[in-house]
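Novice: Mind having a look at this structure? Questions to follow.
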Amino acid sequence: MVDTVVELWDGVRAVRDPARVRAQLMAAGRTLFAVYGYAHTSVEDLCAEAQVEVRDFHREFASREALLTDLYDEVAMAGMQAAQAELAAEGMETCPTEERVRRLFDAYVRAVTRDPQAARVAFVEVLGVSRAMEEHLTMWRSVWVEFLTAESERARTRGHGVDGDLAVVVKVLTRSVDELLAHHGRRPRQVPPSWLTSEFTRLSMAMIGPAEGDPV
């Protein structure tokens with residue numbers, strides 16, 4: 183059973199549910215980090231937006247960066263789950279490689295760009311924060327490198343020839359995905375999700391190459 187803390191807020195006695203406090207702080211982080219930037223948002227700003235006290239923040243998060251990391255993970259996990267769900271969708275095992283790639287990226291892009299503020303936080307505000315954050319992003323890139331390498335190896339079994347070292351080209355693709363998502367995060371109207379899906383598909387197919395017998 184979730185423990186609750188009874189506190190005074192604006193003179194009114196209320197039951198403080200830790201799960202609700204955390205959700206309010208996550209929502210405040212999405213908004214303030216996206217609108218004003220991570221560097222210009224204090225713990226006090228977050229608490230004022232979430233309508234909680236500073237001690238509530240420190241019960242849930244070790245630091246602002248811990249909140250930022252959780253916001254990033256929320257978006258990254260949504261993207262991974264969407265891609266994995268699409269892998270299990272009807273027709274994925276028999277459709278042409280390009281259609282398969284497009285469907286995977288479409289599912290991923292729709293998931294990570296659904297909330298423009300969350301997308302900006304995850305793909306823009308996390309950049310250059312600290313060495314610890316960069317190591318966290320590198321860990322997530324390694325997850326995607328493994329995922330995309332498996333897809334590239336599958337394409338090889340279907341007659342596609344990857345031009346160059348597979349590990350290198352997949353890492354380059356992953357970096358390109360990060361850069362284009364950051365571009366979207368800064369200019370969502372100029373870089374719409376549909377364009378991202380098309381560009382990711384184009385880059386992937388250029389990496390995979392045509393299947394034997396396909397027109398070049």
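Everything in the sequence shown is counted per this note's numbering, starting at 183 for the first residue and increasing by one. Don't be surprised by glycine CBs; every beta carbon is placed ideally from N, CA and C. Nothing here was measured: the structure is a model prediction, and the numbers come from that model.
Contact defined as beta carbons within less than 8 Å: I believe H366 pairs with L385. What is the distance between those atoms, to the nearest angstrom?
Specialist: Position 184 of the sequence shown, counting from 1, holds the residue named residue 366. Position 203 of the sequence shown, counting from 1, holds the residue named residue 385. Wrong, their Cβ atoms sit about 15 Å apart, outside the cutoff.
Novice: What does the alpha-carbon distance come out to for the pair F243 and E272?
Specialist: On the sequence shown, residue 243 is found 61 positions in, with the first residue counted as 1. On the sequence shown, residue 272 is found 90 positions in, with the first residue counted as 1. Rounded to the nearest angstrom, the two C-alpha atoms are 41 Å apart.
Novice: Suppose you measure from the CA of V129 to the CA of E317; what does that come to, to the nearest Å?
Specialist: No information on residue 129 is available, as it lies outside the stretch 183 to 398 that the chain covers here.
Novice: Along the alpha helix (DSSP H) that carries G261, what are the first and last residues, could you check?
Specialist: Locating residue 261 in the sequence shown gives position 79, counting from the first residue. Unbroken alpha helix (DSSP H) run through G261: R246 to L269.
Novice: Taking T320 as the reference, give the member of D255, R369, A300 and P370 with the closest Cα.
Specialist: Mapped onto the sequence shown, residue 320 falls at position 138. Per the Cα distances, D255.
Novice: Excluding the 5 residues preceding and the 5 following Q299 in the sequence, name in chain order all residues of the same chain whose CB lies nearer than 7 Å to its CB.
Specialist: The residue labelled residue 299 in the question sits at position 117 within the sequence shown. Taken in chain order, the residues that qualify are R212, T213 and A216.
Novice: Could you tell me how far apart the beta carbons of A232 and Q206 are, in whole angstroms, since I believe they sit closer than 8 Å?
Specialist: Here residue 232 refers to the residue found at position 50 when the sequence shown is read from its first residue. Here residue 206 refers to the residue found at position 24 when the sequence shown is read from its first residue. That pair is a contact at about 4 Å.
Novice: In the stretch 260–342, which residue ranges form an unbroken alpha helix (DSSP H) of at least 4 residues, counting only runs that do not cross its ends?
Specialist: Listed in chain order, they are 279–295, 298–302 and 313–339.
Novice: Name the two residues that bound the continuous alpha helix (DSSP H) containing S386.
Specialist: For the purposes of this step, residue 386 is taken as the residue at position 204 of the sequence shown. Note, S386: alpha helix (DSSP H), P375 to I390.
Novice: Please list, in chain order, all residues of the same chain as G219 whose beta carbon is under 7 Å from its beta carbon, the five residues on each side excluded.
Specialist: Stepping through the sequence shown from its first residue, residue 219 is reached at position 37. Hits under 7 Å: E307.
Novice: Could you give the distance in angstroms between the alpha-carbon of V350 and the alpha-carbon of H342?
Specialist: Taking the sequence shown and counting its residues from 1, one reaches residue 350 at position 168. Taking the sequence shown and counting its residues from 1, one reaches residue 342 at position 160. So the alpha carbons of these two residues sit roughly 17 Å apart.
Novice: Whole angstroms is fine: what's the gap from A221's alpha carbon to C277's?
Specialist: Residue numbering aside, residue 221 sits at position 39 when the sequence shown is read from its first letter. Residue numbering aside, residue 277 sits at position 95 when the sequence shown is read from its first letter. Approximately 45 Å between the Cα atoms of the pair.
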